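Residue numbers (the numbering used here): 432 to 688.
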């Protein structure tokens with residue numbers, strides 16, 4: 432059963448993504464759970480840092496595509512899925528008052544990478560893998576989800592990641608600017624980072640985070656019509672073919688319509 436696990440150890444909390452048998456793919460209940468968890472943790476003044484990790488040797492393998500026929504089967508559903516369910520979760524993580532550190536091992540792709548990008552720091556194991564291979568599913572990255580990636584790696588690298596849809600290793604992820612560090616003992620390194628953060632003045636840490644976010648914020652570039660047009664793919668044959676091919680474990684046959 433999928434779930435978001437929360438544990439507290441003194442002034443450090445851990446949030447664990449768990450969806451057994453699916454590489455911790457994020458289903459809609461987990462997106463909602465992330466929003467609720469980080470809203471509650473942000474309001475907990477006793478905390479000084481939050482670790483984010485995945486269960487059973489993987490971070491997260493993106494959204495749970497098997498549920499798309501129920502939660503993202505038409506335009507209105509898909510628009511709400513991205514602009515509310517996913518957007519609320521990512522906003523709760525990125526706007527959390529406390530510093531956040533992602534401890535990444537195994538697969539970190541699609542929605543999993545979006546969660547990692549929403550964290551303040553990212554530390555990964557050498558064997559971890561990254562990417563946004565959704566071009567093979569027939570849809571683009573939603574505007575709000577693209578923003579986190581774009582802020583980290585810039586225009587050229589964001590386009591490379593999205594247009595090629597290639598999955599790459601931790602060394603390349605660090606080179607692209609997605610990671611701060613690579614460590615054999617990723618959980619130990621992430622814990623040490625969290626402890627260093629926790630030893631500092633919490634009010635200063637929270638204000639540093641707030642000011643960096645505020646000073647680096649960009650105004651929305653899309654109007655309402657452009658935003659809705661970004662989700663027009665939900666009514667395309669290619670989107671239906673991409674999801675169908677993924678579930679049938681075959682290569683998609685895209686027609687460009």
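Glycine included, C-beta positions come from ideal geometry on N, C-alpha and C.
The structure displayed is predicted, hence computed values, not measured ones.
Per the C-alpha coordinates, the member of 445, 441, 463, 485 positioned closest to residue 454 is 485. According to the DSSP assignment, residue 561 belongs to the beta strand (DSSP E) that extends over 560 to 562.
Nearest neighbour of residue 561 by Cα position, chosen from 573, 532, 536, 598, turns out to be 598. A residue is called buried when at least 16 other Cβ atoms come within 10 angstroms of its Cβ; residue 609 meets this threshold and is buried. For the 8 angstroms CB-CB criterion, residue 554 and residue 447 do not form a contact.
Inter-residue distance for residue 636 and residue 646 is about 15 angstroms (C-alpha atoms, whole angstroms).
Secondary structure note for residue 635: its alpha helix (DSSP H) is the uninterrupted segment 633 to 647. In the structure shown, residue 656 falls within a helical segment according to DSSP collapsed to helix, strand and coil. Pairing residue 495 with residue 456 gives a Cβ-Cβ distance under 8 angstroms.
Contact check for residue 462 against residue 535 fails: the beta carbons are separated by 8 angstroms or more. Secondary-structure assignment with DSSP links residue 607 through no beta bridge to anything. For the set 681, 680, 481, 662, the Cα lying nearest the Cα of residue 508 is the one of 662.
Residue burial annotation: residue 654 is exposed, with fewer than 16 other C-beta atoms found within 10 angstroms of its C-beta. The Cβ atoms of residue 525 and residue 547 do not sit closer than 8 angstroms to each other. Residue pairing for residue 458: DSSP places it in no beta bridge. DSSP, reduced to helix, strand and coil, places residue 527 outside both helices and strands of the structure shown, so it counts as coil. Relative to the Cα of residue 556, the nearest Cα in the group 472, 616, 438 belongs to 616.
Only residues of its own chain outside the window of five on either side were considered, and among them 530, 531, 532, 533, 611, 624 have a CB closer than 8 angstroms to the CB of residue 552, listed in chain order.
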